[in-house]
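Asks:
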Amino acid sequence: RVPCLDLGKLGDSDEEDEDSCIPYTRSYPHTCPLDSSSRWRTSLQSPYAQNRHAQQHSSLEQKTIPENLPSPTDKYKVKYQQYEAEMKERYKQHSQRIAEKKKEHSQCQEASRKGTHFEERQNEAMAALDEKALIQQGYTSKPYNIQHSIKKSEAEDVAAERRKQTVVEQVMLDQLCRAVISDPEQSTRADTDQASHGLPGLGTAPLRFRKRTLHETKIKTKSGLTENMLSNKLRFDSRIVSRNGRDACRELIGFFFAYDRSITVYEFRQFGKNRTNALPFIQKGIYQHQQGQKKGKAYALSDFYIGANLTFQSGDHNLPESVKQNPILTLRVTSIDEAAMALLKASSGELEQEFDKQETDDYKVFRKIQGMLRETLRKRGVRVVTGLGKYFRQLDKSRSGFFSQADFKEALKLFHLEVPEGDFEALWLILDHSKTDKVDYGEFIHAVVGEMNEYRKAFVRKAYMKLDFNKTGSVPMIDIRKCYCAKKHPLVLAGKATEEEIKSSFLETLGDSCSNPSEVSYCEFEDYYEGLSVGIVDDDDFVNILRNPWGI
1 RVPCLDLGKL GDSDEEDEDS CIPYTRSYPH TCPLDSSSRW RTSLQSPYAQ NRHAQQHSSL
61 EQKTIPENLP SPTDKYKVKY QQYEAEMKER YKQHSQRIAE KKKEHSQCQE ASRKGTHFEE
121 RQNEAMAALD EKALIQQGYT SKPYNIQHSI KKSEAEDVAA ERRKQTVVEQ VMLDQLCRAV
181 ISDPEQSTRA DTDQASHGLP GLGTAPLRFR KRTLHETKIK TKSGLTENML SNKLRFDSRI
241 VSRNGRDACR ELIGFFFAYD RSITVYEFRQ FGKNRTNALP FIQKGIYQHQ QGQKKGKAYA
301 LSDFYIGANL TFQSGDHNLP ESVKQNPILT LRVTSIDEAA MALLKASSGE LEQEFDKQET
361 DDYKVFRKIQ GMLRETLRKR GVRVVTGLGK YFRQLDKSRS GFFSQADFKE ALKLFHLEVP
421 EGDFEALWLI LDHSKTDKVD YGEFIHAVVG EMNEYRKAFV RKAYMKLDFN KTGSVPMIDI
481 RKCYCAKKHP LVLAGKATEE EIKSSFLETL GDSCSNPSEV SYCEFEDYYE GLSVGIVDDD
541 DFVNILRNPW GI
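The opening residue of the sequence shown carries number 1 in the UniProt record's numbering; numbering runs sequentially from there.
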């Protein structure tokens, strides 16, 4: 059965009040009847309902405080005051920490924005320098017409042949002018005769007291040279691999004599227009390789080709002090007498130059690394090559030019040149000839970035020697401004830029690479065109870049 419903129990009890049945929800009850337009919408909050709810809320707060509460004692008052002070202090500290964090956060954001803006401005400035440097690549047109170019080339060839002939005559004169009578071999027979006829118990007389009669003198000695013997020679041009401008611009002409495989090198000097001189730079003798895979082996005919390095002990020769600062003197062969080379190879039966497997593998390592960086350097080669040179020169406090692996890795990271660790280690094994864990930075840069061929390098040296006519090794920036000519630049010819704008862009990019902005050293001048050479494929285009502004 269903129990009966007792409605009497639904009445209000004494224990309940009118506020005990207030629902928990904060929504307010409807005070208006629902119509068809309201449907299931949210409750309407009329001003009457809001006022009633506020009154109910205040009555609740009042009833939460117990009645007839005794007043607190002094002990609890003190504790409450301490608690209140402590809470205020904590809140104050908390507020300060929040404010400091907000300040630091804003400062970090501001610093990051400033750093980003500075980096963007710096990148924009560097990109502008790269663009200004690339303007120099516009000088690819021929500076002269065909007739003028032929005349200029013939004049240069005549001057070079005259210079070489002067050195050849001086070499033959130096080697043949020694009289046979003064040859040390003449004294050997007199010494043996005196030793055989000398008194017992007496030593050999000093050299100044020895006598040699005329009939004891030989007409020809074994070490005596003849013109026919000296005629079988290979002539080659060379330059000193050095960062010193005065040494790098020395004009050296060497000779390799086939009859005894000896070498001599002469320096050609010109004073004014007509006065010339040729002096021995390396005395005639038989020399061995001082570096590389052939270290300790004597030089042979196959060791002479364009781009070959000839190494000598700098202390064994009467060389300038600037050259002796490096214990190893390195000469780079820039050209050879091809006709003489063919004759000597035919007479000696020597085959063409063949590189061994190790040299081939080393070359592959260089080409691989240079290939990785080729695209990166194509647009910013000038800034990277000149920047690396400037960075190492400032870092080189001892003026030795040698640095460790860590220094080179830091430099590559600084200039955003990424070389895999394995390739870097392979490169280091090749360059560290002496196993001292230090490598010359010029050699390292050329191995990583690459080096222009000797044909291009010859025109760079010619342009610099025209500027540095006193051969001091540095050129004032004001002289470069005077000598630089922008008349034949395509932008000037098209009317899109003025001569001063092209000249200023060149001087700005060149000056950025110099340690001293008022002068340009040879190595800085060479680094500039070394970086420019990376993005130019054709040799004639590069040569025209030098011929047009410098008039060489």
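A virtual CB, placed ideally from N, CA and C, is assigned to each residue, including glycine.
Count the other CB atoms, across all protein chains shown, that sit within 10 Å of the CB of tyrosine 91; report buried if there are 16 or more and exposed otherwise.
Replies: Classification for tyrosine 91: exposed.
Asks: For leucine 429, does the count of other Cβ atoms within 10 angstroms reach 16, so buried, or fall short, so exposed?
Replies: Exposed, because fewer than 16 other Cβ atoms sit within 10 Å of the Cβ of leucine 429.
Asks: The alpha helix (DSSP H) that contains glycine 389, what's its start and end?
Replies: Residues 357-395.
Asks: Check whether the segment 255-263 and the segment 298-309 touch, using three or more Cβ-Cβ pairs below 8 angstroms as the test.
Replies: Touching, yes, given that three or more Cβ pairs across the two stretches are closer than 8 angstroms.
Asks: Taking just the CA atoms, how far does leucine 532 sit from aspartate 538?
Replies: Distance between the alpha carbons of aspartate 538 and leucine 532 is about 12 angstroms.
Asks: Thinking arginine 250 and glutamate 267 are a contact (beta carbons under 8 angstroms), I'd like their distance in whole angstroms, please.
Replies: Their Cβ separation, rounded to whole angstroms, is 6 angstroms, which keeps arginine 250 and glutamate 267 in contact under 8 angstroms.
Asks: Please say whether glutamine 137 and isoleucine 445 have beta carbons closer to each other than 8 angstroms?
Replies: Cβ distance not < 8 angstroms, so isoleucine 445 and glutamine 137 don't count as in contact.
Asks: How should aspartate 527 be labelled, buried or exposed, when 16 other C-beta atoms within 10 angstroms of its C-beta is the threshold for buried?
Replies: Buried is the call here.
Asks: For the 8 angstroms Cβ check, are there 3 or more pairs between the segment 339-348 and the segment 485-495?
Replies: At 8 angstroms Cβ cutoff, the stretches do not touch.
Asks: Based on DSSP bridge pairs, tell me the residues matched to lysine 233.
Replies: Looking at the DSSP assignment, lysine 233 forms a beta bridge with Phe257.
Asks: From Met452, Tyr464 and Tyr363, pick the residue whose C-alpha is nearest to that of tryptophan 550; which is it?
Replies: Ranking the options by Cα distance to tryptophan 550, first place goes to Tyr464.
Asks: In the DSSP output, which residue or residues are listed as bridge partners for alanine 85?
Replies: Per DSSP, none; premise fails for alanine 85.
Asks: On the three-state DSSP scale, how would you describe serine 20?
Replies: Per-residue confidence for serine 20 stands at a pLDDT of 45, beneath the threshold of 50, marking its modelled position as unreliable; no derived number is given.
Asks: Mind checking which residues open and close the beta strand (DSSP E) that includes alanine 278?
Replies: First-last of the beta strand (DSSP E) with alanine 278: 275-285.
Asks: Look at the Cβ atom of leucine 414, then the Cβ atom of leucine 331, and state whether they are nearer than 8 angstroms.
Replies: No, these two residues do not count as a Cβ contact at 8 angstroms.
Asks: Identify whether tyrosine 484 lies in helix, strand or coil by the three-state DSSP scheme.
Replies: It is coil, neither helix nor strand.
Asks: Starting from residue 555, trace the alpha helix (DSSP H) both ways and give me its first and last residue.
Replies: Within the shown structure, residues of the chain are numbered from 1 to 552, placing residue 555 beyond reach of any answer.
Asks: Quick one: what does DSSP say threonine 166 is sitting in, helix, strand or coil?
Replies: Helix, per DSSP.
Asks: Assign proline 327 to one of three DSSP states: helix, strand, or coil.
Replies: If DSSP states are grouped into helix, strand and coil, proline 327 belongs with coil.
Asks: Enumerate in chain order the residues of its own chain whose CB-to-CB distance from serine 505 is below 6 angstroms, with the five nearest sequence positions on each side excluded.
Replies: For serine 505, where only same-chain residues beyond five positions count, the Cβ hits under 6 angstroms are Lys132 and Ile135.
Asks: Taking the CB atoms as reference points, tell me whether methionine 477 and valine 520 lie closer together than 8 angstroms.
Replies: Contact: yes.
Asks: Is the segment 407-423 touching the segment 367-385, taking contact as three or more C-beta pairs under 8 angstroms?
Replies: Yes, they touch.
Asks: Would you kindly work out how many angstroms separate the C-alpha atoms of histidine 94 and threonine 73, rounded to a whole number?
Replies: Straight-line Cα distance between these residues: approximately 31 angstroms.
Asks: Who are the near neighbours of glutamine 288 in its chain, counting only those whose CB is closer than 8 angstroms to its CB and skipping five residues on each side?
Replies: Cβ within range, chain order: Lys295, Gly296, Lys297, Ala298 and Tyr299.
Asks: Would you mind reading off the limits of the alpha helix (DSSP H) that contains isoleucine 545?
Replies: Residues 539-550.
Asks: Between glutamate 508 and valine 385, is the Cβ-Cβ spacing less than 8 angstroms?
Replies: It is not a contact, given that the beta carbons lie outside the stated cut-off.
Asks: Cutting at 6 angstroms between CB atoms, please list the residues of its own chain near valine 241, excluding the five before and the five after it.
Replies: Closer than 6 angstroms at the Cβ level, and outside the excluded window around valine 241, lie Thr330 and Arg332.
Asks: Does the separation of the CB atoms of leucine 230 and glutamine 290 fall below 8 angstroms?
Replies: Contact: no.
Asks: Measuring only the C-alpha atoms, how far is threonine 334 from arginine 481?
Replies: Rounded to the nearest angstrom, the two C-alpha atoms are 30 angstroms apart.
Asks: Check each candidate in Gln283, Glu338 and Thr311 and name the one with the smallest Cα separation from tyrosine 305.
Replies: Of Gln283, Glu338 and Thr311, the residue nearest in Cα terms is Glu338.
Asks: What residue does the beta strand (DSSP E) around proline 476 start on, and which one ends it?
Replies: Segment 474-476, the beta strand (DSSP E) holding proline 476.
Asks: When the distance is taken between beta carbons, is valine 365 closer than 8 angstroms to alanine 308?
Replies: No. Outside cutoff.
Asks: Are the Cβ atoms of glutamate 499 and lysine 487 separated by less than 8 angstroms?
Replies: Cβ atoms of glutamate 499 and lysine 487: closer than 8 angstroms.
Asks: I need the DSSP call for aspartate 468, collapsed to helix, strand or coil.
Replies: Reduced to three states, the DSSP call for aspartate 468 is coil.
Asks: Can you tell me the Cβ-Cβ gap for valine 449 and valine 534, rounded? I've got them flagged as a contact below 8 angstroms.
Replies: Confirmed, about 7 angstroms.
Asks: What's the gap between the Cα of phenylalanine 392 and the Cα of phenylalanine 408?
Replies: Cα to Cα, phenylalanine 392 sits roughly 9 angstroms from phenylalanine 408.
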